[in-house]
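K.L.:
Starting off with a structure, shown below.
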Amino acid sequence: MKAEHPPAMDDAAIISATVMWNRLISVCEEQANALLRVAFGAVVREAGDLSAGVFDAQGRMMAQAVTGTPGHVNTMARSVVAMLRHVPAETLREGDVLVTNDPWLGAGHIFDFVVVTPVFHARTLVGFMASTCHVVDVGGIGWSAEARSVFEEGVLIPVTRLRAGGRLNEDLLRIVAANSRVPHEARGDIISLMTCNDEGARRLQALMEEYALPDLGPLADFIFARSAQAAEAAIRELPEGRYRNEAELDGYDSPIRLCAEMEIRDGRIRVSLAGSSPAIAKGINCPLTYTQAYASFGIRAAVAAHVPNNAASLGLVEVDAPPGLIVSAEWPSPVTARHVVGQALPDLMLGCLAQAIPGKVLAESAGALWVLAISGDGARPFASLNVALGGMGARPDADGLSTTAFPSGVGSVPVEVAETVAPLVYRRKEFAPGSGGAGRYRGGLGQQIEVAAAEDDRALHLSAAAFERLTTGAAGREGGADGAPGRAEIRHAGGKVQPITTKGHYLIPPGASLWVQTPGGGGFGPGAERAPEASARDARHGLLDADPDSTTLQRPTGGKTP
Amino acid sequence: MSRLAVDIGGTFTDVVLDRGSELLAHKVLTTPDAPERGAMAGVTEILAQEGLELRDVAMVVHGTTLATNALIERRGARTVLVTTEGFRDILEMGYERRFDQYDLNLRLPEPLVPRDLRLTLPERMNAAGEVLRAPTNAELAETAARVAAAQPDAVAIGLLHAYANPAHEALLAEALAAHLPGEVTICKSHEVSPEIREYERLSTVCANAYVRPLMQRYLRNFDTALRRQGFGGALLLMLSGGGLTTLEQACRIPIRLVESGPAGGVALAARVAREIDAPRLLALDMGGTTAKIAFVENGTPDRTRRFEVARAWRDMKGSGLPVRVPTVELVEIGAGGGSIAHRDALGRIAVGPRSAGAEPGPACYGRGGERATVTDANLALGKLRADRFARGRMTLDTEAARAAIAADVQAPMGLSSVEWAAAGICELGEEAMANAARVHAAERGKTLAQFQLLASGGAAPLHAARIATKLGITRVIVPTLAGVGSAVGFLAAPVAYEVARSILRPLRGLHGGTLAEELERMEAEARAVVAGALPAQADIRTEVHAELRYVGQGHALQVPLERASPGADGAALRDAFEALYETVYNVTLPDLEVELVALSLTAIGPEPDLPASPPPARQGAAAKAQQVAVFDPAEGAPVPHALRARPELALCDALPGPAILPEDQTTTHVPPGWQVQVHPLGHLILTCEEAPA
């Protein structure tokens, strides 16, 4: 996106453009909040696994809700243009609505449906409303990394008219419902995406009427010019140069290498992920769109957090990778747990930026969300999802946040709700003392969670697809110690402990429980420089020493860069 | 007999006297170290002016921000929390979510109870309320001993699933009572907030325990001070939910008082809605730092039990402490008279959320404030009169206001004049309020054009007409004594008490008797509280609401439940739910099951009588109005406005806009195209001939 100079505007125009910009952001936020209230599935609604945005007639994103996760927020920016390549804008009529859950067009896995509604004003196509939401179940093998290809992951809807000229495509909805284990909820979520877009479209039309706008062009130019200027100014404050960083993930059963080369030049940031490991046969591959979403989120949060999301502000950060890598997996690679790789990217980016602006970038965090995907067969089969959150890296002037998702924005499902929606009992959910990396500022703490079947005679199935950072903890920064790596094990009735070491499926036999400790965040600055009162408080709060209950737990080591 | 209302705010304490025939207002400075002192001074002064004494007063109604301030400033009691073993950190983990995606530096609120004061008890209930593990007597005694060793002032008990079965909380409370000195207060989560979701319930019970010793002390001191001067009537407290309650109940659950001030403002709006027969009213209260909006339909404010106090990080949603008690449903916007305007990093005019407050205040106050605020903008536009502010006790510095606006907004934004910059500041502030109303209306499926706007608080009447125009609203009401609206609202509120229960049950198969027993228990509890504050034989009615959702959703909608045949059949409730769902979301999902999530029941006493304050009916022609120039952005130039002091307006006077109407605590702006009329009860009614674009 070119940073255009704003056209000369008179007093009234400057004021009204600002009012309209604020209004657009609010329309999106409202749409996202409405979706949150009607979404099905505990982890979706408690966590805010959704987003909404408004686009101009060319499919350029003008504003977006900040509710939701970066994976939705930033992928959707590209979805509209991508979808219009399949259904050209000139074929769209009033009352049409497009939908897809294609991972390579939407948010990176088939669970996420993107619904795009063209908005007409005075019979002319003036823009689009788009929204996206995680649907609980779309068939296939369910939430797991075990599918060998996207074909096994569920039903894939290509870009299709969900509504044509005001007439709902019931055939399409029946296909989705017929493939879902929770057909009514899946249908409900897709319908809700559509009705939320309709409400957003009405708000957009009212705005255009109030300000007598024939089209969104001048407003889009104003928003893009101001955003590009502000984002560019922020990037220009960084020293120009090339910065490299690497990271190693546990991977499915063997390590995965992520490589980044970041070039900061001329007010732009370009990142190449060439050199990263190739795609694998398990569902932790990441489509490039999701890779770009998280990588650019990490950069923008650190560099230009104050600039709202739109085509211009996102356009100043380019992320690319040769095809076929684990960060640029191609169809038909399996991609369900793509967040395992995608959510590692912000730390990879922050590692590059820490070289450019030393002392100003937080330490590494727990990274990928640990998804507790637990199901049971028998007379009352169930499938439940919750998340187990680790610690965030210590900041340059504050401790890291404990048990808080980063880079994802989701929260956990309350224990009382989790036990209501599935026959599970949580035996423990508590901070893991000693899990945050030591430093001038301490890394955020991970947590210990123990969960078992509510009935003694029931076996549980677990997908460990997202248990990442089991071997390497979050690195400290500027002399801070690493956070403790995560641990997961099945604790059998007789006291036997079975460690979980790969991302496969596990059986939790009757009477046994799943015990996890999520990774802690890295520390910032040398531990010797920690304020004595902060150390004393941690000691008083019992947060320094590993809990005696977790006998297998080891104290965090001194870290890579003591 | 007379009645008194006392509203203690951050800066001012407002006292309103109801003499039976008229209402009188008085304002004194709040005395933060001992708020009852300022309150007593205000009470004595207003009574002395009228030649009355406290023995002539039958009732004092009181509201205070003291509990809220204690939570914000973390000045509460040393509180111990006892929770289920294995779950020591619920309170500190919170939602485990960042409330701002992009702010890597954000801080989460400090828990009210630090980890060393969070103890655990070996026990467990399941979601159905069945005992999985009962605590032994030895364990109860041992836990109680550890609590006692921590030497707390207050104890909060919050065990998992206690909303479903409170037995273990009760056992522990007994054990604690046996081990602790009598003055240590013990709060149980199932009593303060018997609802599912452990973090929110524990946060609520901890907040209650944390402020309870302080509030008990304060409320009893105030009561004693009143009685020492001869007061023999009832002291009632304003609740966040909009009703009044007794001193005893307020001392037990003081967390229900947190929003008493704003609730008073909404009670006034509800009162005026009934007086002037306005079925749909949008109440806007705008003071120095924030504005608040609330919907009042058929004389009843919307209520909620989800609420957040003491936001700790840039006033952002999510940075405070969740509190699940009944409150009037308010949306707060960080835009008030003192809100600071600037050019943001994107080259836009931004207003708030930072505020210059009362000290140093807006630049025009001349108390050292140098930043341009909304009040400065109003002065620069000509809407505020430099010599008429605060009863003429304060002269505003127009040059200082203009200089601040020129430096902070006009020059950085490249605008052609100070007036244009001031117009931009007002427009952005007004848009923020209008937008909050739009969003809130959309969330509730309401059509704003069907509403009237009621403006109260010092700053709202200046902006109300413009906000109404933005919302398609054609009628604005500025009530009498708008500047002390909360205290007037205290006198208009009935005695009322709400109880709620989490009850998760599918509607299918729900029969008449299923809920009757639970509702009877709830009614007995609510009635007992309400009856204690009313004369015997007083008429008490009840309202029951069911909270419903499609199975699998997280958010519920509130549907009124006919008490005559509670849940008579699930089908009727389902119909009511689907009708509301259709209104709010424009769709229904007929294949899905609907479930009951919670019941709430409110017992309400009679509406008190409140005298009207009609202005004198004037004989002869009104005095000729003076003219002042007010910059109008629609014209791009100053436009002459009539200037009339509000007290000079006579009954039923009608005045075409544009006009400026100053009074003691506020100023009303009547823009071009609007006209104003004085209602027989003294309220100003602004109307716009044509529906605005």
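Protein chains in written order, with the working numbering: chain A, 31 to 592; chain B, 501 to 1193. Heads up, the beta-carbon is just placed ideally off N, CA and C, and yes, glycines get one too. Small disclaimer: the values here were computed from a predicted structure and weren't measured.
1) For the candidate residues B:Asp815, B:Gln1053 and B:Leu552, whose alpha-carbon lies nearest to that of Gln729 of chain B?
2) Does Glu592 of chain B come out as helix, strand or coil in the three-state DSSP assignment?
3) Between His1055 of chain B and chain A, is there a C-beta pair that is closer than 8 angstroms?
4) What are the residues in the segment 798 to 825 of chain B lying within 7 angstroms of chain A by C-beta distance?
5) By Cβ distance below 7 angstroms, which residues in the same chain neighbour Gly861 of chain B in space, the five residues on each side in sequence not counted?
6) Using 8 angstroms as the limit for Cβ to Cβ distance, is Pro578 of chain A near chain B?
7) Taking 8 angstroms as the CB-CB limit, is Thr582 of chain A close to chain B?
8) For a test of the three-state rule: what should DSSP assign to Pro979 of chain B, helix, strand or coil?
9) What are the boundary residues of the beta strand (DSSP E) that Asp520 of chain A is part of?
10) Would you call Val631 of chain B buried or exposed, if buried means 16 or more other Cβ atoms sit within 10 Å of its Cβ?
11) Please confirm if Phe70 of chain A has its CB atom under 8 angstroms from at least one CB of chain B.
12) To the nearest angstrom, how far is it from the Cα of Arg503 of chain B to the Cα of Gly563 of chain B?
13) Do Gly421 of chain A and Pro549 of chain A have their C-beta atoms within less than 8 angstroms of each other?
14) Straight-line CA distance for Ile1160 of chain B to Thr1168 of chain B?
15) Within 8 angstroms (strictly less), CB to CB, does Val347 of chain A reach chain B?
16) Using the beta-carbon count (16 or more within 10 Å), is Met92 of chain A buried or exposed?
17) Which of the residues in the segment 901 to 931 of chain B, read from start to end, lie with their CB under 8 angstroms from any CB of chain A?
18) Helix, strand or coil, according to DSSP, for Gln729 of chain B in the structure here?
19) List the residues of chain A whose Cβ lies closer than 8 angstroms to the Cβ of Asp616 of chain B, in chain order.
20) Select from the segment 574 to 608 of chain B all residues with a C-beta closer than 9 angstroms to any C-beta belonging to chain A, and list them in chain order.
21) Using a Cβ-Cβ distance cut-off of 8 angstroms, determine whether Glu698 of chain B contacts chain A.
22) Please report the distance separating the alpha-carbon of Arg712 of chain B from that of Gln1058 of chain B.
23) Could you please give me the residues that DSSP links to Ser1100 of chain B through a beta bridge?
24) With a cut-off of 8 angstroms on the beta carbons, I'd call Ile849 of chain B and Leu928 of chain B a contact; round off their distance for me.
25) Which residue from A:Arg521, A:Val185, A:Met238 and A:Gln235 puts its Cα closest to that of Pro213 of chain A?
26) With 8 angstroms as the threshold, decide whether the Cβ of Gly847 of chain B is near any Cβ in chain A.
27) Compare the C-beta of Lys526 of chain A with all C-beta atoms of chain B and state if any pair is closer than 8 angstroms.
28) Can you round the beta-carbon distance between Ala741 of chain B and Glu998 of chain B to whole angstroms, since I take them to be within the 8 angstroms contact cut?
29) So, with DSSP's three-state summary, where would you put Ala42 of chain A?
30) Could you pull the start and end residues of the alpha helix (DSSP H) that Tyr324 of chain A belongs to?
31) Any idea what DSSP makes of Gln1127 of chain B, helix, strand or coil?
32) Please state the DSSP three-state secondary structure of Ile356 of chain A.
33) Evaluate Asp283 of chain A with the Cβ neighbour count: other Cβ atoms within 10 Å of its Cβ, from every protein chain shown; 16 or more gives buried, anything less gives exposed.
34) If you follow the alpha helix (DSSP H) that Thr105 of chain A is in, where does it begin and where does it stop?
35) Return the first residue and the last residue of the beta strand (DSSP E) that Ala955 of chain B is part of.
36) Listed in chain order, which residues of the segment 401 to 420 of chain A have Cβ atoms closer than 9 angstroms to some Cβ of chain B?
P.N.:
On the basis of the supplied data:
1) B:Leu552
2) helix
3) yes
4) none
5) If we look at Gly861 of chain B and ignore the five residues flanking it on each side, its Cβ neighbours are Gly838, Arg867 and Gly869.
6) In this predicted model, Pro578 of chain A has a pLDDT of only 47, less than 50, meaning its place in the structure is not dependable; the value taken from the coordinates is given anyway. Output row for Pro578 of chain A: interface = no.
7) Only weak support exists for where Thr582 of chain A lies, its pLDDT of 37 falling under 50; the value from the coordinates is given anyway. By this cut-off, Thr582 of chain A is not an interface position.
8) coil
9) The sequence as given places Ile at residue 520 of chain A; Asp does not occur at that position. Residues Arg517 to Arg521.
10) With fewer than 16 Cβ atoms within 10 Å of its Cβ, Val631 of chain B is classed as exposed.
11) yes
12) A straight-line Cα-Cα distance of about 14 angstroms links Arg503 of chain B and Gly563 of chain B.
13) yes
14) 6 angstroms
15) Output row for Val347 of chain A: interface = no.
16) buried
17) Met913, Gly914, Leu915, Ser916, Ser917, Trp920, Ala923, Gly924, Glu927, Leu928 and Glu931
18) Gln729 of chain B falls in the coil class under three-state DSSP.
19) Arg570, His571 and Gly572
20) Glu585, Gly586, Phe587, Arg588, Asp589, Ile590, Glu592, Met593, Gly594, Tyr595, Glu596, Arg597, Arg598, Asp600, Gln601, Tyr602, Asp603, Leu604, Asn605, Leu606, Arg607 and Leu608
21) yes
22) 30 angstroms
23) B:Ala1000 and B:His1045
24) 5 angstroms
25) A:Val185
26) yes
27) no
28) Note that residue 741 of chain B corresponds to Gly in the displayed sequence, not to Ala. So it is a contact: roughly 5 angstroms between Cβ atoms.
29) helix
30) Leu318 to Val333
31) strand
32) Three-state DSSP puts Ile356 of chain A in coil, outside helix and strand.
33) exposed
34) Pro100 to His116
35) Segment Gln952 to Ser956, the beta strand (DSSP E) holding Ala955 of chain B.
36) Val417 and Leu419
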